[in-house]
Amino acid sequence: MPDSLTHNIANDIIQGRISYNINFYIIFFLISLSATAAFSFFSGLFQKKGEQTATKADLNNLVKQIEATTKAQEEIKTSIAHLDWSQREWKKLRITKLEELTTSLYKYRNAISLLYRKLSNDKIDNKGSSKQSFEVFRRVGAAVNATFYTQFLDLD
Numbered sequence: 316m317p318d319s320l321t322h323n324i325a326n327d328i329i330q331g332r333i334s335y336n337i338n339f340y341i342i343f344f345l346i347s348l349s350a351t352a353a354f355s356f357f358s359g360l361f362q363k364k365g366e367q368t369a370t371k372a373d374l375n376n377l378v379k380q381i382e383a384t385t386k387a388q389e390e391i392k393t394s395i396a397h398l399d400w401s402q403r404e405w406k407k408l409r410i411t412k413l414e415e416l417t418t419s420l421y422k423y424r425n426a427i428s429l430l431y432r433k434l435s436n437d438k439i440d441n442k443g444s445s446k447q448s449f450e451v452f453r454r455v456g457a458a459v460n461a462t463f464y465t466q467f468l469d470l471d
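Take the position in the sequence shown, starting the count at 1, then add 315; the result is the number in my numbering.
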């Protein structure tokens, strides 16, 4: 503001010309009223905007957290399902192999039993070869029996 205008306003205040001017008070009141109304309006508007922005940010944050939780839950569920599936497949494979082993052991046991009976019924010659063969087959039969029962009883 120029110095002359400031000087004139100060002189009018000192001389009392402004204090008795009713138009000044009406204009001052209207300006104050409109400034208060505008301040109140914009204050409420900015407060509401701030609340909405904060709510939106909170909702976005919650959505991200829920997405992360859901993703982690699905990964855990998939991992558990895969682990369960692999354990079931392992047990199924083990059962199949044990059945094959059991069948083979029964076949070997029957074959050894037949050989054992045949050798026990054979006459022992002077050199003792049938006796040695008999002893070999007896030991093989004992080993097969031991292997069979060890494998059969260890089904965990």
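The beta carbon of each residue, even a glycine, is placed where N, CA and C say it ideally should be.
Distance between residue j and residue i (C-alpha atoms, nearest Å)
i: residue 359; j: residue 339; result: 30 Å
i: residue 457; j: residue 410; result: 24 Å
i: residue 503; j: residue 405; result: The chain is shown only over 316 to 471; residue 503 falls outside these bounds and no answer can be derived.
i: residue 319; j: residue 370; result: 53 Å
i: residue 403; j: residue 414; result: 16 Å
i: residue 341; j: residue 352; result: 16 Å
i: residue 317; j: residue 323; result: 10 Å
i: residue 337; j: residue 345; result: 12 Å
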